[in-house]
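Okay, so here's the structure we're looking at.
Numbering (this note's numbering), first residue to last: 23 to 459.
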């Protein structure tokens with residue numbers, strides 16, 4: 023079993039939990055900027071819906087291509103130095119947004135997204151097993167839920183900050199409002215929007231660089247992987263664990279539906295003419311935060327990790343049906359849930375997309391400990407494979423975009439149903455399987 027090289031007394035976990043918690047906040051902020059970037063770049067680069075969703079694909083495909091190389095980096099450099107390197111790579115990607123903004127070349131934006139995703143791959147590959155193995159197996163979902171609160175809390179504020187800093191006086195624009203302008207005014211507004219990216223991304227690059235040096239010289243203890251390097255089994259031995267392999271597939275579908283819920287809500291809202299559509303991801307993230315808080319209360323006190331996963335799958339399917347069959351005009355759902363707080367109302371169908379955040383919240387923290395259970399010395403490689411499941415965030419949003427262009431954005435949410443069905447299978451049976459025979 024993996025252990026900390028430092029003291030294993032309970033108080034020794036406070037520092038690593040604090041540092042890794044800070045990293046999870048960064049994950050959330052950078053990841054869920056995509057929800058604001060997608061409708062923003064659709065306007066700036068004049069993209070179709072499918073092209074705009076390539077912003078998410080370029081980001082998440084890095085997890086597929088770079089997960090195993092980053093696992094090798096972890097073995098060579100150790101967790102702390104690798105995570106510092108990841109932050110510096112993210113800083114480089116952030117700086118690349120500057121020439122991308124001035125040129126408005128979509129390919130440069132995609133390259134910047136891929137580089138940021140590569141840096142984040144190192145951080146994710148290292149931090150998730152760290153949190154799983156820092157304490158008892160049965161409370162792993164609770165620790166990941168705490169990290170998720172920070173992650174999704176950052177996801178809540180990121181689109182709001184993006185809208186305030188990048189859009190500025192143009193915060194009310196949408197794809198619909200831009201298209202209604204004369205051509206000359208369209209071009210002027212698009213140039214103003216693009217240039218608004220420069221200062222925020224310079225600031226982000228500086229912040230990531232400072233954090234990298236802080237992490238490198240921090241007191242974060244290393245993990246002792248206790249790998250038997252004499253066995254040259256590679257990833258083949260890892261594939262002998264059904265609970266892991268099926269967990270990877272489950273995360274593929276989960277990350278796909280999570281990204282669709284978080285990143286398409288802005289596109290959907292922009293097409294409906296909702297003002298500040300770039301900030302709509304914050305609604306999805308807010309409900310994810312509520313979901314994580316719920317997990318902290320009920321797991322494992324009232325429900326097991328697999329039971330929480332089961333409930334998430336069933337609720338996700340119910341909400342998908344609600345999205346498809348609800349009204350684009352009526353705002354009754356949001357009036358009941360948050361209208362009394364003075365928060366702007368949304369059409370019911372958009373409100374149900376936001377509520378998918380609540381259904382999705384407990385999937386990630388439940389799957390990780392279930393998939394890594396009984397892996398022994400294979401935890402590091404198993405974690406790299408689970409990170410590759412994030413590929414769902416690269417593939418499924420593009421599928422959504424294609425379906426949306428043919429059948430409309432509302433009916434496109436039908437495609438989430440089979441994804442939740444597989445999550446349901448893993449909750450009921452998949453995580454219990456220990457042999458392929």
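All residues carry an ideal CB built from backbone N, CA and C; glycine is no exception. Predicted model only: the values in this text are computed from it and were never measured.
Pairwise C-alpha distance: residue j and residue i
i	j	result
residue 251	residue 458	Here residue 251 scores only 41 on pLDDT, less than 50, and its place in the model is too uncertain to base an answer on.
residue 263	residue 153	21 Å
residue 257	residue 393	Because the pLDDT at residue 257 is just 45, under 50, the model does not fix this residue reliably, and the value given afterwards should be weighed accordingly. So the two alpha carbons sit approximately 15 Å from each other.
residue 373	residue 38	37 Å
residue 165	residue 124	42 Å
residue 64	residue 70	7 Å
residue 175	residue 347	30 Å
residue 341	residue 295	23 Å
residue 328	residue 234	36 Å
residue 118	residue 134	5 Å
residue 42	residue 48	10 Å
residue 445	residue 107	33 Å
residue 350	residue 72	22 Å
residue 208	residue 371	29 Å
residue 362	residue 432	27 Å
residue 324	residue 428	44 Å
residue 297	residue 343	25 Å
residue 450	residue 267	16 Å
residue 354	residue 259	53 Å
residue 54	residue 299	14 Å
residue 518	residue 308	The displayed coordinates of the chain run from 23 to 459. Any statement about residue 518 would go beyond what the structure contains.
residue 78	residue 68	16 Å
residue 316	residue 333	12 Å
residue 46	residue 369	31 Å
residue 206	residue 127	20 Å
Residue interval of the alpha helix (DSSP H) (run including residue i)
i	result
residue 420	414-429
residue 342	327-347
residue 38	36-54
residue 441	438-450
residue 435	No alpha helix (DSSP H) contains residue 435, which DSSP labels as neither H nor E.
residue 285	264-293
residue 103	101-125
residue 214	205-217
residue 311	303-320
residue 391	385-394
residue 224	220-238
residue 371	370-382
residue 354	354-359
Residue i classed as buried or exposed, judged by whether at least 16 other C-beta atoms fall within 10 angstroms
i	result
residue 313	buried
residue 291	buried
residue 321	buried
residue 365	exposed
residue 319	exposed
residue 218	buried
residue 400	buried
residue 239	exposed
residue 98	exposed
residue 202	exposed
residue 377	buried
residue 455	exposed
residue 293	buried
residue 265	buried
residue 149	buried
Under 8 Å between C-beta atoms of residue i and residue j
i	j	result
residue 61	residue 405	no
residue 122	residue 131	yes
residue 147	residue 409	yes
residue 21	residue 437	Nothing in the structure corresponds to residue 21, since the chain is present only between 23 and 459.
residue 138	residue 116	yes
residue 173	residue 50	yes
residue 58	residue 306	no
residue 416	residue 425	no
residue 301	residue 182	yes
residue 283	residue 395	no
residue 439	residue 273	no
residue 442	residue 357	no
residue 142	residue 281	no
residue 177	residue 387	no
residue 140	residue 105	no
residue 278	residue 414	yes
residue 287	residue 375	yes
residue 331	residue 407	no
residue 389	residue 276	yes
residue 226	residue 109	no
is_contact[residue i, chain D] using C-beta, thresh 8 Å
i	result
residue 428	Note that chain D does not occur in the displayed structure, where there is just one protein chain.
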